[in-house]
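In the numbering used here, the protein residues as written are 524 to 1085.
What follows is one structure encoded as structure tokens, with my remarks underneath.
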Amino acid sequence: MDVTKQIIDQRIRKILEDNPAIFSEGDMERNRSKAFLLLGVSAYLDIDMAEAVQYLTDGGHDGGFDAAYIVEAQDSQLNVVLFQSKYSRKLDVDSHFPANAVEKAVNTIKCVFDPSAQIELNTQSRKKVDEIRSFILDGAIPYVTFVMLGNGLPWNQEGKNHIENAFAGQDQVRFEYFSHKDIMRYINREHSIDAGIAMSGKAIHENFNYKRVILGRVSILEIYRLMEEYGDSLLEKNIRRYLGKNVVNDGIAQTLLDEEKRQNFFFFNNGATMICKKFSFNGLQEQNWAVKTKDLQIINGGQTCKTIYQTVRENPGVDFSQAYLLVRLYEVDDSDNQGIIQDIIYATNSQNPVDFRDLKANDEWQILLEKGVEDFGYVYKRKRDNLPNTNAIPSTVAAEAVFAVWRESPHLAKYKRNEFFDKYYVRIFKDLNAAQLIIAVLIFRFCDGNRKKECEQEGVREHRPYSQYFLAYMVGKQLLRHFGMGLEKLTHMNFMDVKDYFEEEKERMYHKAELAIVNVLKNYFGYDDLAQIDGRTMAAAFRRFDIMERYLKKESWWEENM
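If you want it as structure tokens, here you go:
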């Protein structure tokens, strides 16, 4: 029996045990499949499980996807990662990912990303599809990664045919299989990687300022070998997420596949920066050094290396032997120079930052929040981990909640997650105390939980799937108004009073906010019957700033309506 399957199954049982509120259905097999989905989404996106919960859509009429991650990128690009999960309880049998499931995924993409296509969906899936289509109608270009999660083998030739027949030559769609072994690599990702790197031709070796560096060229096939052997574990310290195809990665792939440009790839790409605690090589050898490294990491160029890996793997008939990449290998050790690794990571990634959560984890603000939250009996996770408990507060969830509830930015909190710890970091975390953080998270989680409940009330039914960030802001505003204070007055001194009042009155405040939003939308759209507004238009309205500016930020509106 596959030992990795046993360990993952054990982890699933632990997730079920620690999170009974999420897995309330009586069907144990269904709960196990949902737990595997949650674990797989968390591992693939490299996020905490508490954050991954909000992306799940599984259930009847889910449209062919069990989870969806949507993030707005640069240059009118929309990155969408869809997941479909198949968990087999037969741990002693290896079966291929079902070809009919692949076919269903192909049809899903054809329907979801065509705003004119009709598709039957449950509430959660409909919400995600409407969000995607609202971006498309605004001119965004979607780049789609469809991830098949399974604890068996990848799809067979029949499944591959479904993909190629539908999307051959289509650079906006990529399918990927993510197995129990990939999840295990994620769980064990902090293990040191002691790898060899084959340099090609002559390289430069320098010692200066008590540090060492090698600059040289490395074969594309050598990069492929490293990624094949170690996978994303090589990117643990890389502060960018790889989200599949995009305009930059497409350019890299196209250059590698162009027979004339391929041999000059070295000159067209910025290369990769790697660090290690120690490297060694035969200095008596003039060229083609076999460099041995201890604790190797790629800290810049991770997307390039991932794209190289995908391109080589998907094109086995292409000769990549004359394609090379510039590699800078630094021998550095934090014990000798505290913080230098983080400084190098920041400097080499600052031209187009995506996710700085890890970089900010040791920031003084984060450390103080961790201590403060602990004093209230909660757990604040300033660093990501792979623990199965979803009750703790990851810094990403805290940032999302605070941005929506206290910083008057519910329209940004949903789609700007990649900028929470960079562009919006000061705005979110400056002068934030533990009491304010916890209350914001309690409000946000309550509103997000209500989003998933069916509602038959006219008007509320139309906006509930899309308005939770705005409702969280409105509940927070009601709290402060009740106590007659500004946010700065919410501290450890009155935390329990505010928390107790929220727990007692949250249903009433939420319902009041929902009805107020109905009136706002009627005025905003000019319709008394909100059923006339389709989901795409409704989703787009909550993505823009004008509802905040025209209504919710004005004290006069609150005096008249709340």
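Note that beta-carbon positions come from the ideal geometry of N, C-alpha and C, so glycine has one too.
Query                                                                                                : Result
CA-to-CA distance, H728 to R764, given in whole angstroms                                            : In this prediction, R764 scores a pLDDT of 47, lower than 50, which makes its location untrustworthy; no coordinate-derived value is stated.
L504 burial status per 10 Å Cβ neighbour count (16 or more: buried)                                  : With the chain running from 524 to 1085 in the structure shown, residue 504 is simply not present.
Beta carbon of T919 nearer than 7 Å to that of E574                                                  : yes
Length at least 3, wholly inside the segment 779-860: the beta strand (DSSP E) runs in chain order   : 795-799, 801-803, 813-817, 820-823 and 847-854
Residues bridged to G719 (per DSSP)                                                                  : K815
DSSP-derived helix/strand/coil call for R764                                                         : With a pLDDT of 47 at R764, under the threshold of 50, the modelled position of that residue is not reliable, and the figure given next carries that caveat. Three-state result, R764: coil.
Under 7 Å between C-beta atoms of Q607 and A628                                                      : yes
Buried versus exposed, by CB contacts within 10 Å (16 or more), I706                                 : buried
Proximity to A1063 [Cα-Cα], best of G682, N1017, M1016 and V652                                      : V652
DSSP three-state assignment for K1029, whether helix, strand or coil                                 : helix
Sequence-distant residues of its chain with Cβ nearer than 6 Å to K786 (five each side left out)     : With the sequence shown as reference, residue 786 is identified as Gln, and Lys is not the correct amino acid for it. Closer than 6 Å at the Cβ level, and outside the excluded window around Q786, lie Q845.
Residues near F636 by beta carbon distance below 6 Å, same chain, minus five either side             : P665
Local Cβ density within 10 Å of A590, reported as buried at 16 or more and exposed below that        : buried
Residue(s) in a DSSP beta bridge with I737                                                           : H728 and L852
Residue environment, M1019, which counts as buried when at least 16 other CB atoms sit within 10 Å   : exposed
Three-way DSSP call (helix, strand, coil) for M671 in this model                                     : strand
Inter-residue spacing [alpha-carbon to alpha-carbon] between S756 and V625                           : 27 Å
Closest Cα partner of F952 within the set Y847, K883, F1006 and P677                                 : K883
E1078 versus D569 - alpha carbon distance                                                            : 40 Å
Spatially closest choice to E887 from N956, D781, I821 and P933, by CA coordinates                   : N956
Between the CA atoms of G999 and V564 - distance to the nearest angstrom                             : 30 Å
Helix, strand or coil at F993 [DSSP, three-state]                                                    : helix
Check: Q808 C-beta below 6 Å from any heavy atom of the ligand GDP                                   : In the structure on display, the ligand GDP does not appear, and there are no ligands present to speak of.
Euclidean distance between Cα positions of V526 and L960                                             : 41 Å
Segments of 4+ residues assigned as alpha helix (DSSP H) that fall wholly inside the segment 907-984 : 918-928, 933-936, 948-952 and 957-974
7 Å Cβ shell around A915 - same chain, five flanking residues per side excluded                      : A573, V902 and K904
Boundaries (first-last residue) of the beta strand (DSSP E) holding M697                             : According to the sequence shown, residue 697 is Arg rather than Met. Start and end: V696 to S702.
Beta-carbon proximity list for G1007, same chain, < 7 Å, skipping 5 on both sides                    : none
Buried/exposed call for I709, threshold 16 Cβ in 10 Å                                                : Checking the sequence shown, residue 709 turns out to be Tyr, not Ile. Burial call: buried.
Buried versus exposed, by CB contacts within 10 Å (16 or more), F731                                 : exposed
Alpha-carbon to alpha-carbon, L601 and F588                                                          : 18 Å
Per-residue burial, M1061 [other beta carbons within 10 Å of its own, 16 or more giving buried]      : buried
Buried or exposed by the 16-neighbour rule on C-beta atoms within 10 Å, applied to Q680              : exposed
Nearest residue (CA-CA) to D615, options D971, L676 and S556                                         : L676
Three-state class that DSSP yields for E595 in the structure shown                                   : strand
Reference K784, options E751, E752, D842 and S803, closest by Cα                                     : D842
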